[in-house]
Structures are given as C-alpha cells and as structure tokens.
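The numbers in our numbering rise by one with no breaks, and the one at position 230 of the sequence shown is 232. Built from N, CA and C at the ideal position, the CB exists for glycine as well. This one's a predicted model, so the numbers in the text were calculated from it and none came from an experiment. Have a look at the structure below before the remarks.
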Amino acid sequence: MRKPIIAGNWKMNLKVAEAVALAEALKPLVADAAAVEIVVCPTYVSLYSVAKALAGSNIAVGGQDAYVKESGAYTAAISPQMLADAGCTWTIIGHSERRHIFGDTDTLLNEKLRFALASGLKVMFCIGELLEERKSGKMEDVIKRQVVEGLKGLSSADLANVVLAYEPVWAIGTGETASPEQAEEVHVFTRALVRDMFGADAAEAIRIQYGGSVKADNAAELLAKPNVDGFLVGGAALKADSFAAIIKAGC
Ligand code: 13P
Numbered sequence: 003m004r005k006p007i008i009a010g011n012w013k014m015n016l017k018v019a020e021a022v023a024l025a026e027a028l029k030p031l032v033a034d035a036a037a038v039e040i041v042v043c044p045t046y047v048s049l050y051s052v053a054k055a056l057a058g059s060n061i062a063v064g065g066q067d068a069y070v071k072e073s074g075a076y077t078a079a080i081s082p083q084m085l086a087d088a089g090c091t092w093t094i095i096g097h098s099e100r101r102h103i104f105g106d107t108d109t110l111l112n113e114k115l116r117f118a119l120a121s122g123l124k125v126m127f128c129i130g131e132l133l134e135e136r137k138s139g140k141m142e143d144v145i146k147r148q149v150v151e152g153l154k155g156l157s158s159a160d161l162a163n164v165v166l167a168y169e170p171v172w173a174i175g176t177g178e179t180a181s182p183e184q185a186e187e188v189h190v191f192t193r194a195l196v197r198d199m200f201g202a203d204a205a206e207a208i209r210i211q212y213g214g215s216v217k218a219d220n221a222a223e224l225l226a227k228p229n230v231d232g233f234l235v236g237g238a239a240l241k242a243d244s245f246a247a248i249i250k251a252g253c
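Structural data, given as structure tokens:
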C-alpha cells in the first residue's frame with residue numbers, strides 16, 4: 003500500500019507573517035491525519051520561519067526548487083544543503099513553471115534531482131504536458147521524455163526518495179481539473195515507464211501525485227483511482243480550511 007502524500011505548493015505567495023499564520027492555522031486542523039503524509043512548500047524567504055512553526059508537527063516542509071551546487075557564485079540560487087539547514091526534508095524539482103517560465107531543461111532538472119537526492123532531500127519531481135501537446139497527440143511522448151530524461155542515472159535506492167507529480171499544464175491554476183480517468187490514464191502510463199527503467203517493485207512502490215486545480219470537492223474522486231497517490235496543490239493550499247479538507251479526503 004502506498005501512503006498518499008498531499009503537498010501544498012505555495013508558489014510565489016504569502017509574506018513571512020502570512021506564511022507562518024497559514025502554517026499555524028493548518029497544524030491543528032490536520033493533527034490527526036495520520037493516514038497521509040503532508041508537506042508544505044513556502045517561498046525561500048519564509049521557509050525557516052514556517053519550518054520553526056511546524057517543528058514537531060506532522061507537516062513536513064519543502065523547497066520549490068534547488069540548484070546543483072552546494073554554495074558559491076550562483077546569484078539567486080539556493081542549494082539543497084541550505085534548504086535542509088532551513089528545516090526542509092523535501093523539495094519540488096521540475097515544476098512546469100520552472101520548465102516553461104524559467105526555461106529549466108530536462109538535462110538541468112535531471113542534474114537538480116540527482117544533486118538534491120545526493121544531498122539527502124526527498125524530491126517531488128513534476129511532469130506534465132501542455133494543452134497543445136495533448137491535443138496534437140504528443141502527450142505520451144512528452145511524458146516519456148520527461149520521465150526518462152528526468153530519472154536518468156538514478157538507482158532504485160534513489161527512487162525510494164522520489165515522488166512523481168503529474169501536473170497537466172492546462173489544469174494548473176485554470177480551474178479545469180483532469181478527470182479522474184484522465185489522471186489515472188497518465189499515472190498508469192507513468193508507472194509503466196518507471197517499471198521499464200527500474201523494475202516492477204520500484205514501479206509498484208513509487209507514489210504518483212496529481213496536481214492541477216485540485217479542490218476539496220474533487221479530491222476524493224481523484225484519490226479513489228488506484229494509481230493516484232496524493233496531490234500537489236497550488237491555489238487551494240493557500241487557505242488552511244481548503245487544504246485541510248483536501249487532506250481529509252485522503253484519510
Ligand atoms: P493549482 O492547484 O493552483 O492548479 O496549482 C497546481 C500546481 O501547480 C501545484 O504545483
């Protein structure tokens with residue numbers, strides 16, 4: 003049985019005091035949610051304060067990206083070691099906004115993933131197709147490229163610290179959620195790719211989150227699909243009650 007993992011990606015939202023207030027508000031609402039693993043990913047600026055507020059709780063903290071060096075002359079970058087030092091056990095790598103707004107390539111994301119894992123972080127690694135890629139029948143090619151290039155060079159032991167997040171770009175922040183059937187189809191396809199690369203046991207064990215306009219009222223039906231193992235939530239994670247309701251759907 004795969005334990006569902008439900009993570010909030012706060013993206014570039016919330017000032018420090020707001021981020022801490024959200025963390026404090028969330029804590030009691032989900033304190034008894036032992037059936038799911040919970041992670042929140044604040045901005046770099048708020049990480050340390052949020053991690054302090056959540057210390058000793060059942061909510062882990064993650065970064066939203068991590069660079070491929072430990073320290074040095076890399077202006078504006080943050081290393082996995084710095085994330086860990088600030089209280090993170092997780093980071094997101096390969097979010098579609100990194101791929102499409104900031105130009106992170108498959109090669110760079112593979113490097114980021116491997117360095118984050120080697121540095122002791124667990125990683126939510128994101129994949130997902132654009133609307134035009136889906137419409138033009140390229141969806142499977144895109145997902146395959148992102149998985150094969152992204153996970154290149156990892157060992158099966160590495161993979162135990164990776165969660166995949168399927169986030170169709172057309173569903174992110176649009177209010178248009180993939181149907182449970184659409185999500186399940188891609189999750190099954192993705193798990194088969196992992197099987198080809200790492201074998202049946204690794205494929206069975208890896209958790210695949212869905213992300214893209216997840217809300218309290220569509221969470222349960224998505225999670226009911228056998229290959230949907232949790233969520234990466236954007237907008238609905240910015241309010242304690244709506245994120246808690248999504249978490250409750252996983253309990
Ligand atoms: P929304 O839940 O706002 O659609 O964002 C999804 C997402 O990108 C999470 O990483």
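Straight-line Cα distance separating residue j from residue i
i      : j      : result
Ser73  : Leu85  : 12 angstroms
Ala202 : Ile208 : 10 angstroms
Ser59  : Lys227 : 29 angstroms
Ile94  : Leu123 : 10 angstroms
Glu178 : Ile40  : 24 angstroms
Val47  : Leu16  : 10 angstroms
Val18  : Gly139 : 43 angstroms
Gln83  : His97  : 20 angstroms
Thr45  : Leu195 : 32 angstroms
Ala78  : Asp198 : 37 angstroms
Ser81  : Val171 : 26 angstroms
Met14  : Asp219 : 25 angstroms
Ala75  : Arg100 : 21 angstroms
Gly254 : Cys43  : Because the chain is modelled from 3 through 253, residue 254 falls outside the range shown and cannot be assessed.
Cys128 : Ala167 : 5 angstroms
Leu225 : Glu20  : 29 angstroms
Ala27  : Ala238 : 14 angstroms
Leu119 : Ile249 : 26 angstroms
Local Cβ density within 10 Å of residue i, reported as buried at 16 or more and exposed below that
i      : result
Ala246 : buried
Phe117 : buried
Glu151 : exposed
His1   : The requested residue 1 does not occur in the structure, where the chain is confined to residues 3 to 253.
Thr176 : exposed
Glu186 : buried
Arg193 : buried
Ala251 : buried
Ala159 : exposed
Met141 : buried
Ser244 : buried
Lys114 : buried
Gly105 : exposed
Cys253 : exposed
Enclosing alpha helix (DSSP H) for residue i [first to last residue]
i      : result
Phe200 : Pro182 to Phe200
Gln66  : Taken as a continuous stretch (DSSP letters only), Gln66 belongs to no alpha helix (DSSP H), as it is neither H nor E.
Asn220 : Ala218 to Leu225
Leu161 : Ser158 to Leu161
Ala53  : Tyr46 to Leu56
Glu39  : From DSSP, Glu39 is part of no alpha helix (DSSP H) but of the beta strand (DSSP E) over Glu39 to Cys43.
Phe104 : It is not in any alpha helix (DSSP H) - Phe104 carries neither H nor E in the DSSP assignment.
Asn112 : Asp108 to Ala120
Gly152 : Met141 to Gly152
Val18  : Val18 to Leu31
Whole-number beta carbon distance between residue j and residue i, since they are thought to touch under 8 angstroms
i      : j      : result
Phe191 : Gln211 : Going by Cβ atoms, the distance from Phe191 to Gln211 rounds to 15 angstroms, so no, they are not a contact pair.
Glu135 : Val144 : 5 angstroms
Ala36  : Leu56  : In fact, because the Cβ distance is near 16 angstroms, the residues do not count as touching under 8 angstroms.
Gly236 : Ala173 : In fact, because the Cβ distance is near 10 angstroms, the residues do not count as touching under 8 angstroms.
Asp108 : Gln148 : 6 angstroms
Ile61  : Val32  : 7 angstroms
Extent of the continuous beta strand (DSSP E) run through residue i
i      : result
Val125 : Lys124 to Ile129
Gly234 : Correcting the residue type first, residue 234 is Leu in the shown sequence and not Gly. Start and end: Gly232 to Val235.
Ala251 : Careful: Ala251 lies outside any beta strand (DSSP E), inside the alpha helix (DSSP H) at Ala242 to Ala251.
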